[in-house]
């Protein structure tokens, strides 16, 4: 616990303390509740009514996702009071990783899960995860996948990734032209 400068809080006789570990204790406590199956107030169903069910806490979802915040706080949405919410267009794997991030702030990305995670993060408007996916993909650019990465960047409006991919293509044009990837570029991608 550290004492906060009195200049921030000028009241006479007031001492304000701030814990540097409070946020991690809070997150660990919420994840412990999840692990123990306690105090859940919503169930998310991935990809339709036959998808996997994931129990969660509305407050956690609302804190990290503009999508869920609007869904749970705006009375216009019927989901505000529903106990089960179907998330069409979201995969089981994508939702699993998104929830893991929401409760732990950790995200394990690899080439096998990146599209599911990115698609789900984009759907539920978790910008930190979208940015992490973009950063990860920037590290994966090679001649054999740059056309696919350009398409992903365009699909999800990942402008920094798009810029890096097209810079890579231009810098490696000779190598790129020797692959089938050049013929797979769309007219939009060529301009």
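Residue numbers (the UniProt record's numbering): 1 to 191. In this text, a Cβ means the ideal position worked out from N, Cα and C, and glycines have one as well.
Exercise for the section: Provide the residue(s) that pair with residue 44 in DSSP beta bridges, ordered along the chain. Expected result: 54 and 85
Exercise for the section: List the endpoints of the continuous alpha helix (DSSP H) containing residue 113. Expected result: No alpha helix (DSSP H) holds residue 113; DSSP gives it neither H nor E.
Exercise for the section: Please confirm whether residue 69 and residue 41 have their CB atoms less than 8 Å apart. Expected result: no
Handout entry: Residues near residue 67 by beta carbon distance below 6 Å, same chain, minus five either side
Key = 124 and 125
Exercise for the section: Inspect the CB distances between the segment 79 to 99 and the segment 43 to 56 and report whether three or more fall short of 8 Å. Expected result: yes
Exercise for the section: Using a threshold of 8 Å, state whether the C-beta atoms of residue 156 and residue 129 are closer than that. Expected result: no
Handout entry: Where the alpha helix (DSSP H) containing residue 130 begins and where it ends
Key = 127 to 139
Handout entry: Residues near residue 158 by beta carbon distance below 6 Å, same chain, minus five either side
Key = 134
Practice task
Taking the CB atoms as reference points, tell me whether residue 113 and residue 51 lie closer together than 8 Å.
Solution key: no
Problem - Which of helix, strand or coil DSSP assigns to residue 178 - result: coil
Exercise for the section: Quick one: give me the first and last residue of the alpha helix (DSSP H) that residue 164 is part of. Expected result: 159 to 171
Practice task
Spatial neighbours of residue 26 within its chain, please: CB distance less than 7 Å, with the 5 preceding and 5 following residues excluded, ordered by chain position.
Solution key: none
Exercise for the section: Could you say which of 115, 99 and 75 lies nearest to residue 34 if we only look at CA atoms? Expected result: 99
Exercise for the section: Identify, in the order they occur along the chain, each residue of the same chain with its Cβ nearer than 6 Å to the Cβ of residue 138, setting aside the five sequence neighbours on each side. Expected result: 161 and 164
Handout entry: DSSP beta-bridge partners of residue 18
Key = 2
Handout entry: Cβ neighbour criterion (16 or more within 10 Å) applied to residue 111
Key = exposed
Exercise for the section: Note the first and the last residue of the continuous alpha helix (DSSP H) segment covering residue 106. Expected result: Here residue 106 belongs to no alpha helix (DSSP H), and DSSP marks it neither H nor E.
Exercise for the section: Could you give the DSSP three-state label for residue 77: helix, strand or coil? Expected result: coil
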